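Inspection log for the structure reproduced underneath, given as structure tokens.
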Amino acid sequence: MNEKERIVVGYDGSDAAGKAVRWAAMQARRSGFILNVVHCSLWPVFTHNMGPVPGIAGSGLRHAAESIVSDGVALAREEFADAQIATSLVYGWPAENLRKLGATASLLVVGTRGAQGFPGLLIGSVSLELASTAACPVAVIGGSERPHGPVVVGIADEGWEATLRYAANFASLAHSVLKIVHVHRHHGFHQDAFYEAGATEKREMLDSALRSVRNTWPGLEVRDRLLSGTSVAGTLVGAAGGAQVVVVGTSAQGAVSGSFGSTAHAVLHHAGCPVIVVRHPPA
Numbered sequence: 001m002n003e004k005e006r007i008v009v010g011y012d013g014s015d016a017a018g019k020a021v022r023w024a025a026m027q028a029r030r031s032g033f034i035l036n037v038v039h040c041s042l043w044p045v046f047t048h049n050m051g052p053v054p055g056i057a058g059s060g061l062r063h064a065a066e067s068i069v070s071d072g073v074a075l076a077r078e079e080f081a082d083a084q085i086a087t088s089l090v091y092g093w094p095a096e097n098l099r100k101l102g103a104t105a106s107l108l109v110v111g112t113r114g115a116q117g118f119p120g121l122l123i124g125s126v127s128l129e130l131a132s133t134a135a136c137p138v139a140v141i142g143g144s145e146r147p148h149g150p151v152v153v154g155i156a157d158e159g160w161e162a163t164l165r166y167a168a169n170f171a172s173l174a175h176s177v178l179k180i181v182h183v184h185r186h187h188g189f190h191q192d193a194f195y196e197a198g199a200t201e202k203r204e205m206l207d208s209a210l211r212s213v214r215n216t217w218p219g220l221e222v223r224d225r226l227l228s229g230t231s232v233a234g235t236l237v238g239a240a241g242g243a244q245v246v247v248v249g250t251s252a253q254g255a256v257s258g259s260f261g262s263t264a265h266a267v268l269h270h271a272g273c274p275v276i277v278v279r280h281p282p283a
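Counting from 1, one number per residue, gives the positions in the sequence shown under the UniProt record's numbering.
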């Protein structure tokens, strides 16, 4: 296997991270990729005393960190017993370490909130930072698990090719239906103006997307929907009911909503299923 045939998943012992490990193991089973379970320990930031307490077997911060890695591997094995698993125990800030380890990966997987997340926040700061800055596609695992649901991909007016390719390949590996959705944003006035002014152009874009998928994945069941709404993200999330995953693209980079891409940012916060963010070059 080459260096890119690898799925990296962060695990910190939390329930959200455990869900991410199991989801990543399922994708490793589908793709045949190596699964890299990563734990990032912050303790060396606060103390250099990582060793065991004298006379107490199995104690010490290093042993605790190693146990978290072992627990992550066990969770992955429960989902995919024959997985090829690599482990990484690294020290320092999780977002920085996971971004580096994911730089050459096919996919970086994280939970919605880690062990240090604040209750009530749907997306933790580490997850949001990685989704907005990592070089590879990032899956944020939250919401309901529907492994047999459709794969929903939102395409915009520009730069949709890379996002569509990733979603189509994902759907093909999952033996799932692919639903391609384009949302035209209107501002509350009568929607007939949209259909008169832009429907033909939007329809041509969706037809082009359909042809691209059918030419490359001829056996894949693919559907498309052309929708209109006051919120692109809200309309896309509404169209993704029952989905196993929503795939969105962004050309922006930065953890702030305006610099990251408002649609991707909002979908991450509101989708009822895992979300994959695929970065593509700016137009």
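From the three backbone atoms N, C-alpha and C, an ideal C-beta is built for every residue, glycine too.
All of these numbers come straight from a predicted model, not from anything done at the bench.
- Message: Just verifying my parser: in three-state terms, what is the DSSP assignment at Val140?
- Response: Working through the sequence shown from its first residue, we reach residue 140 at position 140. Val140: strand per DSSP, three-state reduction.
- Item | Beta-carbon spacing of Ala24, Ala64 below 9 Å | The residue labelled residue 24 in the question sits at position 24 within the sequence shown. The residue labelled residue 64 in the question sits at position 64 within the sequence shown. Cβ distance not < 9 Å, so Ala24 and Ala64 don't count as in contact.
- Query: Who are the near neighbours of Phe118 in its chain, counting only those whose CB is closer than 8 Å to its CB and skipping five residues on each side?
  - Reply: Here the question's residue 118 lines up with position 118 in the sequence shown. For Phe118, the predicted structure reports a pLDDT of 39, less than 50, and the residue's modelled location is therefore unreliable. A value from the coordinates is still provided. Once the five neighbours on either side are set aside, the close Cβ partners of Phe118 are Gly124.
- What residue does the alpha helix (DSSP H) around Val8 start on, and which one ends it? Your numbering for residue 8 matches position 8 in the sequence shown. Note, Val8: premise wrong, no alpha helix (DSSP H); beta strand (DSSP E) at Arg6 to Gly10.
- Message: Tell me which residues share the same chain as Val109 and place their Cβ nearer than 6 Å to its Cβ, disregarding the 5 neighbours each side in the sequence.
- Response: One-based indexing of the sequence shown puts residue 109 at position 109. Once the five neighbours on either side are set aside, the close Cβ partners of Val109 are Val9, Ala20, Ala24 and Ala139.
- Message: Cutting at 6 Å between CB atoms, please list the residues of its own chain near Ile141, excluding the five before and the five after it.
- Response: Translated into the one-based positions of the sequence shown, residue 141 becomes position 141. If we look at Ile141 and ignore the five residues flanking it on each side, its Cβ neighbours are Lys19, Ala20, Trp23, Gly111 and Pro274.
- Kindly identify the DSSP beta-bridge partner or partners of Tyr91. One-based indexing of the sequence shown puts residue 91 at position 91. Looking at the DSSP assignment, Tyr91 forms a beta bridge with Ser41.
- Within the region 187 to 246, ranges of the alpha helix (DSSP H) (whole runs, at least 4 residues): 192 to 197, 199 to 216 and 232 to 239
- Message: Taking the straight line between their C-alpha atoms, what separation do you get for Ala271 and Arg225?
- Response: In the sequence shown, counting from the first residue as 1, residue 271 sits at position 271. In the sequence shown, counting from the first residue as 1, residue 225 sits at position 225. The straight-line gap from Cα to Cα measures roughly 18 Å.
- Task: Out of Arg6, Asp12 and Gly242, point me to the one whose CA is closest to Leu178's CA.
- Result: Residue 178 sits at position 178 when you count from the first residue of the sequence shown. Nearest of Arg6, Asp12 and Gly242 to Leu178, Cα basis: Gly242.
- Query: Run through DSSP, which three-state label would Gly72 get?
  - Reply: For this step, residue 72 is matched to residue 72 along the sequence shown. Looking at Gly72 - three-state DSSP - the assignment turns out to be helix.
- Query: So which of Pro150, Leu173 and Thr216 has the shortest CA-CA distance to residue 288?
  - Reply: Residue 288 is absent from the model: the chain starts at 1 and stops at 283.
- Query: Using CA coordinates, which residue listed in Val247, Leu236, Arg203 and Thr230 is at the minimum distance from Ala171?
  - Reply: Start at 1 with the first residue of the sequence shown, and residue 171 comes out as number 171. That would be Val247, whose Cα lies nearest to the Cα of Ala171.
- Task: Report yes if the CB atom of Leu206 is closer than 9 Å to the CB atom of Ile155, and no otherwise.
- Result: Within the sequence shown, numbered from 1, the residue matching residue 206 stands at position 206. Within the sequence shown, numbered from 1, the residue matching residue 155 stands at position 155. Yes, Cβ-Cβ distance for Leu206 and Ile155 is below 9 Å.
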